[in-house]
């Protein structure tokens with residue numbers, strides 16, 4: 003479809019076609035992400051001035067590698083949050099996936115790719131459970147995934163007796179490997195983000211997710227198979243959490259049942275900073291990535307400038323509150339129009 | 044291209060025929076032996092007090108509730124409508140009072156909700172935009188600034204118009220409107236009523252559920268009155284006046300007014 007065709011108004015439709023065509027509306031939506039993105043630019047600029055070590059290939063690459071797992075989890079989380087749900091089980095899935103993928107390699111001598119596939123699929127399995135609890139058992143997502151958070155975390159500790167599992171050094175392909183000059187986690191992050199963006203903005207599944215989050219009843223009455231969409235979204239989130247777990251385990255070459263404790267709230271924070279609404283119906287993959295990047299810059303910049311971790315936590319908290327407050331103001335301005 | 048059917052002659056057989064419909068919820072008899080005819084190319088006003096069974100009857104036709112007894116005939120053939128999808132497959136669309144549209148989605152997205160056009164697995168935005176614009180234009184819904192604005196930014200009348208346009212996109216033959224003018228101002232109400240008349244002129248069967256007798260008398264060709272789950276009156280609109288409809292709604296009968304005062 004060419005732009006020329008788009009621009010040509012059909013006779014008699016002038017009043018409508020004169021409006022904003024889809025492409026420009028898309029740009030407007032992108033501009034709404036501008037707040038957090040500007041903040042990233044300002045912070046990046048400030049860090050460039052403040053530290054000579056910031057704008058170096060090594061450091062920037064490290065920033066992207068560091069943010070990759072949070073970003074991958076954020077892509078799944080944004081989908082869940084768009085449906086007005088939430089997935090709190092992510093951190094336990096990260097732990098279980100890492101533990102299981104290393105266990106089958108170490109104990110059962112499965113090949114490393116197979117072990118990694120097990121990790122990812124286990125995450126998908128937890129996603130199925132979350133989705134069924136939410137749709138068929140009608141638990142609120144918060145409660146359902148709080149339950150699986152605890153249960154899955156418990157399983158990860160039980161099967162390892164709480165001890166980390168050392169993997170063979172060649173297990174580091176996903177964490178430390180490179181595709182050409184680019185570290186594998188960055189490549190994976192880019193692929194996940196591209197696929198996630200595509201699903202949300204170009205497929206029926208994505209459209210249905212926005213509709214469910216905007217109004218569950220409207221979506222149902224419009225003939226959307228609500229349960230299927232919700233289960234699919236929780237499964238995607240589970241698979242991505244599983245992938246995140248494998249990357250974490252690969253990076254430290256260890257399956258650690260205590261891994262991932264912070265990932266939960268970090269992923270949610272990234273999504274919220276990126277403009278998603280916990281009430282559902284709003285949020286983008288790009289926003290989630292910007293959120294993850296912003297969080298990583300705070301932590302990276304804090305380290306470069308020798309600001310203590312305690313202060314970094316404090317600053318992050320302020321940023322989260324500021325981002326959501328900004329969003330509320332924007333939303334109210336939109337409604338009062 | 045407009046998705047609404049061209050002018051059709053009013054057939055002898057009503058498009059939708061309900062016969063002897065019963066529905067109860069536990070001990071509550073919501074509908075008992077209800078008959079209803081909805082002919083093509085006519086607007087039927089469904090009246091009744093709160094709790095008379097209007098929305099239960101609507102939901103039985105829309106596939107949300109299953110009747111306990113009775114039969115629904117569609118174009119003369121007996122049908123079972125088990126879900127909203129079944130209803131749309133037949134050509135029945137319902138516009139619910141507050142639930143027709145998803146606020147965060149834009150007009151095009153809403154009009155295609157649940158039935159998106161897909162090309163090679165991906166949403167075909169250009170095609171959907173074109174079809175939505177054509178349908179809106181055919182119904183002369185032209186006051187919206189952009190068909191890509193979120194419906195949250197529309198006025199009440201515009202929302203209702205978009206909701207109706209969404210319902211007729213699909214070659215629907217019967218459109219059920221639940222309180223379409225509730226909470227609308229005078230101008231907006233007129234805009235929606237005009238739209239209802241255009242649907243009728245396109246040959247669509249329309250059922251309007253309304254408390255507002257002014258609206259009913261303005262658009263309805265036929266009037267049906269429910270009273271405590273029973274269909275107490277059903278005839279051409281010209282056979283009623285305001286007084287008789289109110290009497291049917293409040294007492295279930297007419298001319299035999301309760302003796303008091």
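Protein chains in written order, with the numbering used here: chain A, 3 to 339; chain B, 44 to 304.
Beta carbons are placed, not taken as given, at the ideal position from N, Cα and C, and that holds for glycine.
The structure displayed is predicted, hence computed values, not measured ones.
Interface partners of residue i on chain A, CB under 9 Å
i: residue 278 of chain B; result: Here the premise fails: no neighbours, minimum Cβ distance about 31 Å.
Neighbouring residues, chain B, relative to residue i (Cβ below 7 Å)
i: residue 209 of chain A; result: 152, 159, 166
i: residue 301 of chain A; result: Per Cβ cutoff of 7 Å: no residues; residue 301 of chain A is ~32 Å from chain B at best.
i: residue 213 of chain A; result: 145, 148, 156
Chain A contact for residue i (CB, 8 Å cutoff)
i: residue 197 of chain B; result: no
i: residue 146 of chain B; result: yes
i: residue 45 of chain B; result: Since pLDDT at residue 45 of chain B reaches only 44, below the 50 mark, its modelled position is unreliable, and no value is offered.
i: residue 174 of chain B; result: no
i: residue 51 of chain B; result: With a pLDDT of 48 at residue 51 of chain B, under the threshold of 50, the modelled position of that residue is not reliable, and no figure is offered here.
Nearest residue (CA-CA) to residue i, options the options
i: residue 239 of chain B; options: B/256, B/215, B/293, B/204; result: B/204
i: residue 200 of chain B; options: B/286, B/74, B/222; result: B/222
i: residue 65 of chain B; options: B/110, B/86, B/83, B/93; result: B/110
i: residue 273 of chain B; options: B/96, B/122, B/86, B/261; result: B/96
i: residue 101 of chain A; options: A/334, A/259, A/268; result: A/259
i: residue 143 of chain A; options: A/156, A/282, A/300; result: A/282
i: residue 245 of chain A; options: A/58, A/59, A/104; result: A/104
i: residue 249 of chain B; options: B/146, B/79, B/288, B/171; result: B/79
i: residue 89 of chain B; options: B/285, B/253, B/278, B/83; result: B/253
i: residue 273 of chain A; options: A/73, A/43, A/193; result: A/73
i: residue 258 of chain B; options: B/225, B/119, B/137; result: B/225
i: residue 154 of chain B; options: A/220, A/326, A/298; result: A/220
i: residue 129 of chain A; options: A/280, A/232, A/299, A/178; result: A/232
Residue i to residue j span [Cα, whole Å]
i: residue 102 of chain B; j: residue 230 of chain A; result: 23 Å
i: residue 339 of chain A; j: residue 192 of chain B; result: The predicted model places residue 339 of chain A with a pLDDT of 49, which falls under 50 and marks its position as unreliable; any figure quoted below should be read in that light. Cα to Cα, the separation comes out at about 12 Å.
i: residue 216 of chain A; j: residue 222 of chain A; result: 11 Å
i: residue 290 of chain B; j: residue 296 of chain B; result: 6 Å
i: residue 62 of chain B; j: residue 180 of chain B; result: 37 Å
i: residue 13 of chain A; j: residue 228 of chain B; result: Any reading at residue 13 of chain A must be qualified, since the residue scores a pLDDT of 35, below 50, and its modelled position is unreliable; the value itself is stated next. Cα to Cα, the separation comes out at about 31 Å.
i: residue 70 of chain A; j: residue 141 of chain B; result: 42 Å
i: residue 237 of chain A; j: residue 132 of chain A; result: 8 Å
i: residue 234 of chain A; j: residue 95 of chain A; result: 17 Å
i: residue 306 of chain B; j: residue 218 of chain A; result: Chain B is shown from 44 up to 304; residue 306 of chain B falls before or after that span and cannot be answered.
i: residue 174 of chain A; j: residue 187 of chain B; result: 56 Å
i: residue 39 of chain A; j: residue 68 of chain A; result: 19 Å
i: residue 317 of chain A; j: residue 266 of chain A; result: 18 Å
i: residue 1 of chain A; j: residue 174 of chain B; result: An answer regarding residue 1 of chain A cannot be provided, because it is not within the stretch 3 to 339 covered by chain A.
i: residue 266 of chain B; j: residue 73 of chain B; result: 20 Å
i: residue 241 of chain B; j: residue 58 of chain B; result: 18 Å
i: residue 314 of chain A; j: residue 263 of chain A; result: 17 Å
i: residue 10 of chain A; j: residue 212 of chain B; result: Bear in mind that a pLDDT of 32 at residue 10 of chain A, under 50, signals an unreliable position, so the model cannot answer this.
i: residue 2 of chain A; j: residue 169 of chain A; result: No answer is possible for residue 2 of chain A: the residues shown for chain A start at 3 and end at 339.
i: residue 54 of chain A; j: residue 327 of chain A; result: 33 Å
Residue i at chain B interface by Cβ criterion, 8 Å
i: residue 14 of chain A; result: At residue 14 of chain A, the pLDDT of 34 sits below 50, so the modelled position is not reliable and the matter cannot be decided from this model.
i: residue 137 of chain A; result: no
i: residue 86 of chain A; result: no
i: residue 262 of chain A; result: no
i: residue 198 of chain A; result: no
i: residue 283 of chain A; result: yes
i: residue 332 of chain A; result: no
i: residue 323 of chain A; result: no
Per DSSP, cross-strand counterpart(s) of residue i
i: residue 162 of chain B; result: B/165
i: residue 74 of chain B; result: B/66
i: residue 116 of chain B; result: B/60, B/121
i: residue 263 of chain B; result: Answer is none; residue 263 of chain B lacks a bridge partner.
Partners in chain A for residue i, counting only beta-carbon separations shorter than 7 Å
i: residue 131 of chain B; result: 225
i: residue 220 of chain B; result: Those within 7 Å of residue 220 of chain B in chain A number zero; the least Cβ separation is about 14 Å.
Interface residues of chain B facing residue i [CB-CB closer than 8 Å]
i: residue 298 of chain A; result: Per Cβ cutoff of 8 Å: no residues; residue 298 of chain A is ~29 Å from chain B at best.
Under 9 Å by beta carbon: chain B residues contacting residue i
i: residue 205 of chain A; result: 159, 161, 164, 165, 166
i: residue 70 of chain A; result: Here the premise fails: no neighbours, minimum Cβ distance about 27 Å.
i: residue 221 of chain A; result: 145, 156, 157
Chain A residues whose Cβ lies nearer than 8 Å to that of residue i
i: residue 128 of chain B; result: 225
i: residue 142 of chain B; result: 217, 219, 220, 223
Any non-hydrogen atom of the ligand COA closer than 7 Å to residue i Cβ
i: residue 208 of chain A; result: Within the structure as shown, the ligand COA is missing, as the structure has no ligands at all.
Within chain C, the residues that residue i reaches when beta carbons sit closer than 9 Å
i: residue 139 of chain B; result: The structure shown contains no chain C; its protein chains are A and B.
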